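*Asks:* As numbered in my numbering, residues 17 to 338 make up the sequence shown, in order. Where is the CB? At the ideal position from N, CA and C, for every residue including glycine. All of these numbers come straight from a predicted model, not from anything done at the bench. I am attaching a structure below and will ask some questions about it afterwards.
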Amino acid sequence: MESQRFLAFWGLKTLPGNGQIDLDQLYWQEHTQSLVSRLLLALQKTGNISVIVAPAGHGKSTLARWLYHRIDSETHDAAIISLMKQEHNAGWLLPRLAHYLGLPDSVRDSRAILQNLSSVHGKILTIIIDNAHYLSDAEAFDEIASLCQIQALADCRINFVLLGNPKLGQSIENNRDLQHRLGLLSELQPFSRLDLQTYLSQRMQDIGISRRILVPESLALIAQQGSMTFAGINALLEACLFEAFLKEQKTISTEIVYAAFENTGLRPQNVNRPQDRDSEPIKATKVQQKKRTSSAAPKAVNSSGDLNSLFYKSSQDPEGED
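What follows is the structure in structure tokens.
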């Protein structure tokens, strides 16, 4: 099988991206490290809401998983919910909490659920909601606001972490009931060029391949793409490994990087292919011929591309997940 040949070629046991994520070895940018520290502090307070937003590919779902496993089990319980469809109205959250508490399906009364929360949980219950941008209407946030407010009357301690695309941030900012409950509202940032080399080295180490196979010219070419996401870098690197295997090359040259761009639908930004130099005289001749037959002024064309893609999950959201 082709996959077995690929694994043997690179000396791997699993295909890149198919291995288990080591949540203790995640790469955090400096901004993300500060964000996570603030988040963990915010979770010490009950009745508040922390919101983290970013476009597709920035690692929101991975951050949600990390938080679920990282939260202090001596002081907190954690429940994680990943929304898979639009929620327009209230009524979606309490049934999920009932399931989390192990209550029978017949128990859907909010008072019974709150009584169980107060009797079962002596700890703070942190409810992590991934893909929270699926809460499309203000009414869909009602249960979150109510559970934050009810803690003044009932003996239950709850807080929330919502993760989603930028649409979520807009929804929160337009919801007065939630604004005064915010403990944190922050955005995950794409990679800077300074972060890129460090992450590429770690990613290749995680895959099980020496970083030396990525020649300096190829690293510079990838860095020219500007700000990139975890998903964009992972997708491009994995495509480069596939292209190098098909060409039976043990290094990732700039030619390999360009082939990865072409065969994955990714578009390089503001770069010129060195191998196109041989064809430059032909292109110049064609341009001159066009100028003779047309009096129209030449138009500048600026190409751009977006390398965002999914990070460790399959797409369910046309607006972008993770």
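Does the distance from the C-beta atom of N175 to that of L252 stay below 8 Å?
*Replies:* Against the sequence shown, residue 175 aligns to sequence position 159. Against the sequence shown, residue 252 aligns to sequence position 236. No. Outside cutoff.
*Asks:* Out of A24, L282, L216 and T245, which one is the CA nearest neighbour of A72?
*Replies:* Translated into positions along the sequence shown, residue 72 becomes position 56. Of A24, L282, L216 and T245, the residue nearest in Cα terms is T245.
*Asks:* Look up L100 in the DSSP assignment and say whether it is helix, strand or coil.
*Replies:* Walking along the sequence shown from the start, residue 100 turns up at place 84. Just to set this straight, residue 100 is Met in the shown sequence, not Leu. Coil at M100, not helix or strand.
*Asks:* Name the DSSP beta bridge partners of L198, please?
*Replies:* Here residue 198 refers to the residue found at position 182 of the sequence shown. Bridge partners of L198: I65.
*Asks:* What separation, rounded to the nearest whole angstrom, lies between the Cα atoms of Q221 and R227?
*Replies:* Indexing the sequence shown from 1 puts residue 221 at position 205. Indexing the sequence shown from 1 puts residue 227 at position 211. For Q221 and R227, the distance between alpha carbons rounds to 7 Å.
*Asks:* Go to T142, then tell me how far its beta strand (DSSP E) extends in each direction, as first and last residue.
*Replies:* By one-based count along the sequence shown, residue 142 stands at place 126. Looking at the DSSP string, the run of the beta strand (DSSP E) that includes T142 is I140 to D146.
*Asks:* If you count every other CB in all the chains shown that lies within 10 Å of the CB of R308, and 16 or more means buried, which is it?
*Replies:* As a working note, residue 308 is residue 292 in the sequence shown. Here the model assigns R308 a pLDDT of 35, short of 50, so the residue's position is not dependable, and the following value carries that caveat. It is exposed - the Cβ of R308 has fewer than 16 other Cβ atoms within 10 Å.
*Asks:* Under 8 Å, do Y215 and I238 count as touching if we go by C-beta distance?
*Replies:* Stepping through the sequence shown from its first residue, residue 215 is reached at position 199. Stepping through the sequence shown from its first residue, residue 238 is reached at position 222. No.
*Asks:* Ignore the nearest five residues each way along the sequence and tell me which others in H115's own chain have a CB closer than 6 Å to its CB.
*Replies:* Locating residue 115 in the sequence shown gives position 99, counting from the first residue. Within the same chain, H115 has no close Cβ partners at all.
*Asks:* Could you check whether the stretch 198 to 205 touches the stretch 61 to 68, counting it as contact only if at least three pairs of C-beta atoms, one from each stretch, sit closer than 8 Å?
*Replies:* Yes: at least three Cβ pairs fall under 8 Å.
*Asks:* By how many angstroms is the C-alpha of P182 removed from the C-alpha of A154?
*Replies:* Within the sequence shown, numbered from 1, the residue matching residue 154 stands at position 138. Within the sequence shown, numbered from 1, the residue matching residue 182 stands at position 166. Rounded to the nearest angstrom, the two C-alpha atoms are 16 Å apart.
*Asks:* Taking only three categories from DSSP, how would you classify D93?
*Replies:* Locating residue 93 in the sequence shown gives position 77, counting from the first residue. Of the three classes helix, strand and coil, the one that applies to D93 here is strand, per DSSP.
*Asks:* Roughly how many angstroms separate the alpha carbons of C256 and W44, rounded to a whole number?
*Replies:* On the sequence shown, residue 256 is found 240 positions in, with the first residue counted as 1. On the sequence shown, residue 44 is found 28 positions in, with the first residue counted as 1. Each residue's Cα considered, the two are about 24 Å apart.
*Asks:* With F261 as the anchor, note down where its alpha helix (DSSP H) starts and where it stops.
*Replies:* For the purposes of this step, residue 261 is taken as residue 245 along the sequence shown, with counting starting at 1. Run containing F261: F246 to L262, per the alpha helix (DSSP H) assignment.
*Asks:* Pull the bridge partners of V177 from the DSSP assignment, please.
*Replies:* Looking up residue 177 in the sequence shown gives position 161. V177 is bridged to S66 and I144.
*Asks:* Tell me the rounded alpha-carbon separation between P232 and C172.
*Replies:* Residue mapping note: residue 232 aligns to position 216 of the sequence shown, counting from 1. Residue mapping note: residue 172 aligns to position 156 of the sequence shown, counting from 1. Between P232 and C172, the C-alpha separation is close to 56 Å.
*Asks:* So, for R219: in the same chain, excluding its five sequence neighbours on each side, which residues have a beta-carbon less than 8 Å away from its beta-carbon?
*Replies:* For this step, residue 219 is matched to residue 203 along the sequence shown. Hits under 8 Å: Y43, I249, N250 and L253.
*Asks:* Consult DSSP for I268 and reduce its assignment to one of helix, strand or coil.
*Replies:* For the purposes of this step, residue 268 is identified with residue 252 of the sequence shown, where counting begins at 1. Residue state, collapsed to three classes: strand.
*Asks:* Please state whether DSSP places Y84 in a helix, a strand or coil.
*Replies:* One-based indexing of the sequence shown puts residue 84 at position 68. Reduced to three states, the DSSP call for Y84 is helix.
*Asks:* Determine, using beta-carbon pairs with one atom in the stretch 79 to 90 and one in the stretch 25 to 44, whether at least three such pairs fall under 8 Å.
*Replies:* Touching, per the Cβ criterion.
*Asks:* Just reading off the alpha helix (DSSP H) that G185 is part of, what are its end residues?
*Replies:* As a position in the sequence shown, residue 185 is number 169, starting the count at 1. G185 -> alpha helix (DSSP H) spans P182 to E189.
*Asks:* Assign S269 to one of two classes, buried (16 or more other C-beta atoms within 10 Å of its C-beta) or exposed (fewer than that).
*Replies:* Stepping through the sequence shown from its first residue, residue 269 is reached at position 253. With 16 or more Cβ atoms within 10 Å of its Cβ, S269 is classed as buried.
*Asks:* Roughly how many angstroms lie between the CA atoms of I188 and E159, to the nearest whole one?
*Replies:* Here residue 188 corresponds to residue number 172 of the sequence shown, with the count starting at 1. Here residue 159 corresponds to residue number 143 of the sequence shown, with the count starting at 1. Roughly 14 Å between the two C-alpha positions.
*Asks:* Might you give, ordered along the chain, the residues of its own chain that have their beta carbon closer than 6 Å to the beta carbon of L204, omitting 5 neighbours on each side?
*Replies:* Counting from 1 along the sequence shown, the entry for residue 204 is found at position 188. Excluding positions up to five away in sequence, the list reads A70 and H74.
*Asks:* Going by the CB atoms, is the gap between D146 and A247 shorter than 8 Å?
*Replies:* Position 231 of the sequence shown, counted from the start, is the residue given in the question as residue 247. Position 130 of the sequence shown, counted from the start, is the residue given in the question as residue 146. No, Cβ-Cβ distance for A247 and D146 is not below 8 Å.
*Asks:* In three-state terms, what does DSSP make of L39?
*Replies:* In the sequence shown, the residue the question calls residue 39 occupies position 23. Helix, per DSSP.
*Asks:* Measure the C-alpha to C-alpha separation of S19 and T280 and round it to an integer number of angstroms.
*Replies:* As a first step, residue 19 must be located in the sequence shown, where it is residue number 3. As a first step, residue 280 must be located in the sequence shown, where it is residue number 264. If I take the Cα positions, the gap works out to 18 Å.
*Asks:* Under the three-state reduction of DSSP, which class applies to L210: helix, strand or coil?
*Replies:* Here residue 210 refers to the residue found at position 194 of the sequence shown. Of the three classes helix, strand and coil, the one that applies to L210 here is helix, per DSSP.
*Asks:* Buried or exposed for S234, going by 16 or more other Cβ atoms inside 10 Å?
*Replies:* For this step, residue 234 is matched to residue 218 along the sequence shown. Buried is the call here.
*Asks:* With a Cβ-Cβ cutoff of 8 Å, do I223 and K266 count as a contact?
*Replies:* Sequence index remark: in the sequence shown, residue 223 carries index 207 (1-based). Sequence index remark: in the sequence shown, residue 266 carries index 250 (1-based). No, they are not a contact pair.
*Asks:* Evaluate H196 with the Cβ neighbour count: other Cβ atoms within 10 Å of its Cβ, from every protein chain shown; 16 or more gives buried, anything less gives exposed.
*Replies:* The residue given as residue 196 occupies position 180 in the sequence shown. Exposed, since its Cβ has fewer than 16 Cβ neighbours within 10 Å.
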